[in-house]
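The structure under discussion appears below in the form of C-alpha cells.
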Amino acid sequence: MKVIRTILIACTLLMLALTSGCDDPATPCPCVAAGRIQGHVVSPGNLDGASVRAVQVVDGVATDTNFKVNLGVRGSYILDLPAGRYILQCMPTTSERFVYDYTSTGLSYGHIPPDTLLVNDSVSPLEAEFELGGLNLLFEVSPGLNGEQAEVILHRRDAVETGQWRTYLNMGMTTIEDGRAEITLDGLLPGEYKLEIVLGRRLYLCNCPYDGEHFWMPGIRDEAQSPWYEIVADSTLALACTVATEPARIEGRISGAWQDLGFSTPPALSIVDPDSVTIMGLRQVFDDGQFAVDVHLPGPAKLLVSHGGIKQWIGGPGFEEATIFDLQLGQTISDITLVQSGMQLTIEGGGQNYFDSEIRFHDPLDMRLLATARPSLNGESAAIANLWPGDFLMYITPGLYDLGHSPWRPQWYDRVVDPDQAQLVSISAHGEVVHLDLNLEAGGRVAGTLDFGASESTYHHVVITPADEPTVWGSYYAFMGRPNFLVQGLPEGEFRIGAFPVSLGWTRGTPPPASTVWYPGTTDWNSGETITIQNASEVSGIVIPMN
C-alpha cells in the first residue's frame, strides 16, 4: 500500500467540468468500478465544502471525465473508479480556487505535469493522504484604514515565476475594522513561505499587481530581508503584524493638461523607493486632481504619475531627476504639485476607423524613447496628457496588433520616413498644450484571397514579412466565410506574404510557423515571390493555395 504525500498546485486554467460524483464518501460512485482510491484530507482548520476528485487521463491528456466526492467524517473520502489513469486532486475550498494534485516530482505550478495514478483491480485500494496546514495572521493598523483591505499573499520557496505576474500559492483578504484585521487560511500546502502584505484598496483590472501599500512580514520593505515562515501539516501558524498607527502622509495636486483637455479619468499616483521598489501601486487622484496618501512604512520615496500610458516623475520626467521625499512617521508633506503639459492633435480624415496608432516620443539628441501614447479619437481630434516641457521627435505607427490593419504607414512628424528630416515638436512650459495637425501618409496595400481547396482548417492568419528577413511585419485574419484579405499601411520596400492556420498557436511578435504557405504556393520562405510597394501602390490578385 503506497501513500503518496507530495502535492502540487494545478493551474486554474485547467479546471475541468464536473460530470459525476458522490456526496457520501462511504458510498462508492455509481460506475463500473475496477479499483478504489481512499484516504483523508487532514487540516487543522475548517474544511467545510472541501472535496476530492479524480480526473481521468487518456493517452497522456486530461479528459472531461472526472469523479468527485465531498469529505466525510474526519475528512475521509472514497473514490471507486473504472480502470485507467487518473490525476487526483484535493479542493480545500468550495470555490475550487486552490487545487492540489498528487505527484512524485514536487510542486511545479504547472510546469511539470502531475503524475497519474493507475487504478485497476490489482492495485486497490490505493491510499492517498492530503496533509495540509493553516495560517492565522492578525494585523493592527491605523484606524484611518478602516473599511479598506488587508491582504496576505503566500509565496512558496523555490516557486517558479511565469509571465508578468508573480506566481503565488495562496492568498487571503479581509476588511479592516477598528484598526484590526484577521485573516485565517486553512488547507495550505506544508512548506516554507514568504508573506507579502497589502494594505489599502485593490484594483483587479489595472495593469499592476497591487494598488495598496505592500511590504513583507514582519513589516519590512525589502523582500530579501524577509524570513521564511514554515507551515506544517495539521497545525496553524499564528503570526501578528503591527503597523504604525501614525503613518506618514503626502498631499498635493496634479493639474494641467488632463483637466484642460477634458480627460474623464484622472491620473494615477505610485510611490517608489530610491531602489525602485514599489511602496504603493497605482492609485487614482481625486476628480479635482487632489491626492492625500498615508504610508505606514515611511522612508525616502519618489512619486510617479501615470496617465494614458505616459509616465513622469514629480521633480522630473525620469527616475534620476525625480525628487526624493523623506517620509517620517506622523508627519505630513503637503503642497506637492505637478502641472501636466500635453498635445491636442487634429487628424486629417480622422475617426475611429482611421486612427489606431501609437505616438512615440523620442529624445532628439540620442533618439531614446521617452514615452508612448495611444490616444483615442473624439471625432477628428486626439488628446495626449502627462507630458513635460522639452523637445521631442514624434513617431506615429500602428501598434503590434494593428500593423497591417491601419491604412497609415509608420512615419515621423510630419510625414517623413527619415528621423533626420523629422520636424521637432517643442513644449516650452509646464501646463502648455501644443496644438498640431497630423496629415498622415497612407501606405501601400496587398489584396488577395486564400484558396482553401480541400483544406480542413477554417481560420487563418495572413502575414507579411520584409523580403530580406522572415519576421512578421503585419498580419490579417481570414477564414472560409471571408477568404479575401487586405494588408495595408505598408512602407515602401519588398515583401513576402503567406498564411497558416490559427490552430498552430502563433502569437504576434514571434516568427511565422515553418509550415506557412508563402505566395505563390511554397513552404520555403526563400522561394516565396517578392512583392514590391512603391508610392503607396496596391498589389492585388494574390492567391495563396492552402491545400
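What the sequence shown shows, in my numbering, is residues 610 to 1156, in sequence order.
Glycine is no exception: its CB is placed at the ideal position from the N, C-alpha and C atoms.
8 Å contact criterion, which residue i and residue j should meet: CB distance rounded
| i | j | result |
| --- | --- | --- |
| E822 | H764 | The pair is not a contact, with the Cβ atoms about 18 Å apart (cut-off 8 Å). |
| V948 | A910 | Not quite, the Cβ-Cβ distance comes to about 21 Å (not below 8 Å), so this is no contact. |
| L1002 | L846 | That belief does not hold up - the Cβ atoms of L1002 and L846 are roughly 56 Å apart, past 8 Å. |
| G1013 | Q1097 | 7 Å |
| V651 | D843 | 5 Å |
| G742 | P799 | 5 Å |
| Q921 | W997 | 5 Å |
| I919 | S966 | The pair is not a contact, with the Cβ atoms about 15 Å apart (cut-off 8 Å). |
| Q647 | Y695 | The pair is not a contact, with the Cβ atoms about 13 Å apart (cut-off 8 Å). |
| A643 | N729 | 5 Å |
| Q698 | R662 | 5 Å |
| D795 | P907 | Contact flag wrong, Cβ pair sits at about 34 Å. |
| T1139 | R1105 | 6 Å |
| I942 | I923 | Not really, about 11 Å apart at Cβ, beyond 8 Å. |
| L870 | V1148 | Contact doesn't hold; Cβ gap of about 41 Å is too wide. |
Which residues DSSP lists as bridging residue i, in chain order
| i | result |
| --- | --- |
| R765 | Y802 |
| G809 | Q758 |
| A1108 | V1071 and V1126 |
| L688 | I646 |
| T941 | R858 |
| S915 | A877 and K920 |
| T955 | S990 and D1046 |
| S1084 | V1072 |
| I968 | A982 and I1005 |
| L797 | G742 |
| F928 | Note: F928 sits in no beta bridge, so no partner. |
| M782 | E760 |
| A1145 | Answer by DSSP bridge pairing: none, since A1145 is not bridged. |
| S950 | L996 |
| V732 | N729 |
| R683 | R683 is not bridged to any residue. |
| P1154 | D1060 |
| L1095 | A1056 |
Burial state of residue i (16 or more Cβ within 10 Å)
| i | result |
| --- | --- |
| G1150 | exposed |
| R1091 | exposed |
| T714 | The pLDDT assigned to T714 is 44, lower than 50, so where the model puts this residue is not dependable, and the model offers no usable value. |
| H720 | In this prediction, H720 has a pLDDT of 43, which is less than 50 and means its spatial position is unreliable; nothing more can be read from the coordinates. |
| D668 | exposed |
| I1153 | buried |
| E1010 | What sits at residue 1010 in the sequence shown is Tyr, not Glu. Exposed, by the Cβ-count rule. |
| M952 | buried |
| V1072 | buried |
| Q899 | exposed |
| N1093 | exposed |
| S873 | exposed |
| P634 | The pLDDT assigned to P634 is 44, lower than 50, so where the model puts this residue is not dependable; a value taken from the coordinates is nonetheless given after this. So P634 ends up on the buried side. |
| T1116 | exposed |
| P1129 | exposed |
| N995 | buried |
| W837 | exposed |
| D673 | exposed |
| L727 | exposed |
| G960 | The pLDDT assigned to G960 is 42, lower than 50, so where the model puts this residue is not dependable; a value taken from the coordinates is nonetheless given after this. G960 should be labelled exposed. |
| H1044 | exposed |
| L1099 | buried |
| E1103 | exposed |
| S950 | buried |
| R766 | exposed |
| N679 | buried |
| M782 | exposed |
| S660 | buried |
heavy atom of the ligand ADP below 8 Å from residue i C-beta
| i | result |
| --- | --- |
| A1108 | Of ligands this structure carries none, so the ligand ADP is not represented either. |
Residue-level contact to chain C via CB, residue i, 9 Å cutoff
| i | result |
| --- | --- |
| G821 | Judged by its chain identifiers, the structure shown contains no chain C, having just a single protein chain. |
Original post:
Could you give the uninterrupted runs of the alpha helix (DSSP H) lying entirely in the segment 821-908, keeping only those of 4 residues or more?
Top reply: Fully enclosed alpha helix (DSSP H) runs of 4 or longer: 866-869.
Subject >> Segments assigned beta strand (DSSP E), at least 3 residues, entirely inside the segment 1006-1067 >> reply: The qualifying runs are 1034-1036, 1042-1047 and 1053-1060.
Original post:
Are the segment 869-884 and the segment 907-927 touching, with three or more C-beta to C-beta distances below 8 Å?
Top reply: The segment 869-884, when compared against the segment 907-927, does touch it at the 8 Å Cβ threshold.
**OP:** Determine, using beta-carbon pairs with one atom in the segment 926-943 and one in the segment 1004-1021, whether at least three such pairs fall under 8 Å.
**Re:** As far as the Cβ criterion goes, the segment 926-943 does not touch the segment 1004-1021, which means the pair count is below three.
Subject >> Meets three-Cβ-pair contact criterion under 8 Å: the segment 1026-1041 and the segment 1061-1078 >> reply: Short answer: they don't touch.
**OP:** For the segment 973-985 and the segment 858-877, state whether three or more C-beta atom pairs, one from each stretch, are separated by less than 8 Å.
**Re:** Short answer: they don't touch.
Original post:
Would you call the segment 1080-1089 and the segment 986-1000 in contact, with 3 or more CB pairs under 8 Å?
Top reply: No, the segment 1080-1089 does not touch the segment 986-1000.
Subject >> Validate contact between the segment 685-693 and the segment 777-794 using beta carbons, cut 8 Å, 3 pairs >> reply: Not touching, per the Cβ criterion.
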